[in-house]
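Sequential numbering of the sequence shown, starting at 3, is according to the working numbering. First comes the structure, then the notes that go with it.
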Amino acid sequence: MKRGTQNVPHSQAFRTSRRGRGPVLGLGLSLAAVSPASAAPTVDVNGRYTAKEIHTFLDRFYGEHGPSAADRRNRVSDLLKEKAAANPGFDVLLCAQNTPRSIDIGKVTTAQSARVGWATVTTHWGDHGEVTAELRALVDLDASKPLKLLDVECSPEG
Numbered sequence: 003m004k005r006g007t008q009n010v011p012h013s014q015a016f017r018t019s020r021r022g023r024g025p026v027l028g029l030g031l032s033l034a035a036v037s038p039a040s041a042a043p044t045v046d047v048n049g050r051y052t053a054k055e056i057h058t059f060l061d062r063f064y065g066e067h068g069p070s071a072a073d074r075r076n077r078v079s080d081l082l083k084e085k086a087a088a089n090p091g092f093d094v095l096l097c098a099q100n101t102p103r104s105i106d107i108g109k110v111t112t113a114q115s116a117r118v119g120w121a122t123v124t125t126h127w128g129d130h131g132e133v134t135a136e137l138r139a140l141v142d143l144d145a146s147k148p149l150k151l152l153d154v155e156c157s158p159e160g
């Protein structure tokens, strides 16, 4: 934050333009000055996503019951899209034919030299989620590109 702006109320830091076209940044603040530090990507010094960033991505991607239609279109590699098209009736992202009761994301492992990170994804089934299945979700570590699911490896039972 720039010097002298720490105690400026939000209402004084921003004002609407005279023509009513939206907010105008005032008092010499820059957008970087008002952005929280937590909004910065958590990439390492070599430009790779960290395990924490990958875990957050996978947790949001899989959600509680599986990826959304938008995530399936926009956050999946072409390889996985081809696999999905070749396997109608089987959800290659979940290694299943149905929707699970819940999903948990395990610890993320990163292979820096291979530039890939992965985590075990546990899907819960049955009346109370007592039956589980596992799959491995792989993500590219290259932080110059948006995070996408590269591939999914189903367990032998999946």
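Glycine is no exception: its CB is placed at the ideal position from the N, C-alpha and C atoms. Treat the numbers as computed from the prediction; the structure is a model and nothing was measured.
How would you call residue i, buried or exposed, if buried means at least 16 neighbouring beta carbons within 10 angstroms?
| i | result |
| --- | --- |
| Pro102 | buried |
| Val154 | buried |
| Glu174 | Any property of residue 174 remains undetermined from this structure, which presents the chain solely from 3 to 160. |
| Leu81 | exposed |
| Val133 | exposed |
| Thr2 | Because the chain here runs from 3 to 160, residue 2 falls outside it and cannot be looked at. |
| Ala39 | Low per-residue confidence applies at Ala39: pLDDT is 38, beneath 50, and the placement is therefore not dependable enough to give any value. |
| Arg50 | buried |
| Ala121 | buried |
| Gly223 | With the chain covering only 3 through 160, there is no way to say anything about residue 223. |
| Ala87 | exposed |
| Ala113 | exposed |
| Ala163 | Only positions 3 to 160 of the chain appear in the structure, and residue 163 is not among them; the question remains open. |
From the DSSP secondary-structure annotation, give me the bridge partner or partners of residue i.
| i | result |
| --- | --- |
| Val94 | In the DSSP output, where bridge partners are listed per residue, Val94 has none listed. |
| Thr58 | Looking at the DSSP assignment, Thr58 forms no beta bridge with any residue, so it has no partner. |
Hey, could you find the ends of the alpha helix (DSSP H) residue i is sitting in?
| i | result |
| --- | --- |
| Lys85 | Asp80 to Ala88 |
| Asp144 | Segment: none, Asp144 is in no alpha helix (DSSP H) and carries neither H nor E. |
| Asp106 | That residue, Asp106, is in no alpha helix (DSSP H); its beta strand (DSSP E) goes Ser104 to Ala113. |
Under a three-way DSSP split, which group does residue i fall into?
| i | result |
| --- | --- |
| Arg77 | coil |
| Ala116 | coil |
| Cys156 | strand |
Three CB pairs or more closer than 8 Å across the region 42-61 and the region 143-156: yes
The region 98-115 touching the region 64-83, judged by at least three CB pairs closer than 8 Å: yes
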